[in-house]
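Shown next, in structure tokens, is the structure this report addresses.
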Amino acid sequence: MTLYCRNTGYLVFGKDTEEYIISNLESLRLNGIPHQTFSGLEANQRYPRQLKIPSTHKCIYEEMGGILYASRSLLAFQQEFVKLGGTILDNHQVTEIIPGDRVTVVTNRGSFKANNVVIAAGPWAPALCSSIGVDLPFKVKRVESIYWKVDNADAYSSDIFPTTFGIAHGDTFYSIPVDEYPNMVKISSAGGIWTDANNRDTESGPVTVPAVADFISSTFRGVACKPSIIDYCMYTASPDYDPVIDRHPKHKNIVIAAGFTGHGFKLSPVVGKLVAELISKDTPSHDLHPFRVSRFTTPQSSL
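Numbering (the numbering used here), first residue to last: 181 to 483.
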């Protein structure tokens, strides 16, 4: 049986005055999500082999948190899509979108026409949207995924240690227990280099290692302060950290879903449902007002 996720629990910690701590608690309470709160001292007592966070920090624990296996989940979505009659066209670089009653999508391997088009192109979405008259103030960031060796893999096993999110020195850091690579935890920050989607691999080396290493030394026990593996990914960052999920202001048969600031994949089932509702002109099942295009921009007058 294919495992698409692993329930590990999720631990958030930081000073009780941190905005993220306050808003996280408000959201959990508002939505009735089970959680526990306790001090950093109690967190260290719960995980004596792993943690040494400041004793006065506030901690929030969600039992239902965990790890989502992205590659396996994506493959399952693709297989279901094909089963329902869809066609996946890999290695088709979109070079132009031409609005109309039927939208034309031009690629390096031919052109396609459709009654509706969804632009969900991640870091390439800003350029594609600009080409059809919507300038979104999104920026592309190359983010580092960093893996560090541990002295005791059992102590950091996903069977007993949760995923974590910590706030320190004005930055945020997350960790995933030993799961993807043997004897290594993933500990990274949201920092990185602003870049262009087509040129991320021409940038310089990693920039967040010193900050993450400092966080490790002050927070975790038995984790090396020298990284073993560094991978890279891209975030499409929105100024307010919320995405755009909306129809084009003028061409209502073009839907935009972009700017998820690193949170898109875990939200993809509900985002897919909302996009389908927009295409079908059904009443959206959630309030989309916070995700409207118009909060950032208006279409160019030339359209």
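In this text, a Cβ means the ideal position worked out from N, Cα and C, and glycines have one as well.
How would you write the range of the beta strand (DSSP E) that residue i sits in, first residue to last?
i	result
L191	190-194
L248	246-248
R186	185-187
Per DSSP, which one or two residues make a beta bridge with residue i?
i	result
K293	T284
C405	Paired residue(s): none; C405 is not in a bridge.
E276	V286
S219	K238
C413	V323
V450	DSSP, once it has assigned bridges, lists no residue as partnering V450.
A437	I425
I299	I436
V262	V262 pairs with nothing; no bridge assigned.
V330	V403
L231	F400
Looking at residue j and residue i, is the spacing between their C-beta atoms short of 8 Å?
i	j	result
G442	A370	yes
P464	L458	yes
V314	P429	yes
S203	S219	no
W328	A223	no
S190	T343	The sequence given here places Tyr at residue 190; Ser does not occur at that position. Yes.
I409	Y361	yes
V323	V435	no
A438	A300	yes
V274	V330	no
D381	S325	no
S311	I277	yes
I213	E242	yes
F318	S474	no
P279	M414	no
H215	L221	no
I240	V192	yes
H542	L454	The first residue shown for the chain is 181 and the last is 483, placing residue 542 beyond what the model contains.
G194	G350	no
V511	S368	Absent from the structure is residue 511, since the part of the chain shown begins at 181 and ends at 483.
D196	K238	yes
Starting from residue i, trace the alpha helix (DSSP H) in both directions and tell me its first and last residue.
i	result
L208	199-210
L308	305-311
Please confirm whether any heavy atom of the ligand FMN lies closer than 7 Å to the CB of residue i.
i	result
I312	With respect to the ligand FMN, the structure offers nothing, as it holds no ligand at all.
**Asked** Can we say the region 408-427 touches the region 342-358, given the rule of at least three CB pairs closer than 8 Å?
**Response** no
**Asked** Is it true that the region 382-400 meets the region 288-308, where meeting means three or more beta-carbon pairs spaced less than 8 Å apart?
**Response** no
**Prompt:** Can you give, in chain order, each stretch of the beta strand (DSSP E) that sits fully within the region 335-397 and has at least 3 residues?
**Reply:** 343-348, 351-356, 364-369, 372-375
**Asked** Does the region 375-386 touch the region 276-286, meaning 3 or more C-beta pairs lie closer than 8 Å?
**Response** no
**Request:** May I ask you to verify whether the region 227-247 touches the region 399-419, counting CB pairs closer than 8 Å and requiring at least 3?
**Result:** yes
**Message:** For the region 246-266 against the region 182-199, do three or more pairs of beta-carbon atoms, one drawn from each stretch, fall closer than 8 Å, so that the two count as touching?
**Reply:** yes
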